[in-house]
Amino acid sequence: MIQNTLDCSGLHSPTPLLWLSRAVRNIKNGERVEIIATDPGTATDIQIWGKHTGNMVVNSKRQNDKFIFIIEKTH
20 MIQNTLDCSG LHSPTPLLWL SRAVRNIKNG ERVEIIATDP GTATDIQIWG KHTGNMVVNS
80 KRQNDKFIFI IEKTH
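Sequential numbering of the sequence shown, starting at 20, is according to the working numbering.
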C-alpha cells in the first residue's frame, strides 16, 4: 500500500531524491512511497539511491514526460 505520493514534476535533481529520502525516513518498514518526476536524471538517481540505501524500487515506469517510481522501505 502506498503511504505517500510525492509529485516532484518540474523539480531538478537532486531535489526529488531529497524529498524521497525524507519521506522514506517517515514511514515504517514494508510501507511504500510513490514518486513522480520529470527530470530524467532522477530516474538514474533513484536506482542508485535504492541500491545504496537497501530500499527497494518496486516499480518504475515512464508515462509520457513523467517518471513514476514505487519505493518500499526495507530497513
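In this text, a Cβ means the ideal position worked out from N, Cα and C, and glycines have one as well.
Treat the numbers as computed from the prediction; the structure is a model and nothing was measured.
Collapsed DSSP secondary structure at residue i in the structure displayed
i: K47; result: coil
Among the options, the one whose alpha carbon lies nearest that of residue i
i: V77; options: D84, K85, I54 and L36; result: I54
Bounding residues of the alpha helix (DSSP H) (the contiguous stretch that carries residue i)
i: T63; result: P59 to T72
Straight-line Cα distance separating residue j from residue i
i: N74; j: G49; result: 10 Å
i: R41; j: K47; result: 12 Å
i: G8; j: V43; result: Past the boundaries of the shown model lies residue 8; the chain is included only from 20 to 94, so the question cannot be answered.
i: D64; j: K92; result: 16 Å
Residue range of the unbroken beta strand (DSSP E) whose run includes residue i
i: N23; result: I21 to C27
i: N78; result: M75 to Q82
i: K92; result: Segment: none, K92 is in no beta strand (DSSP E) and carries neither H nor E.
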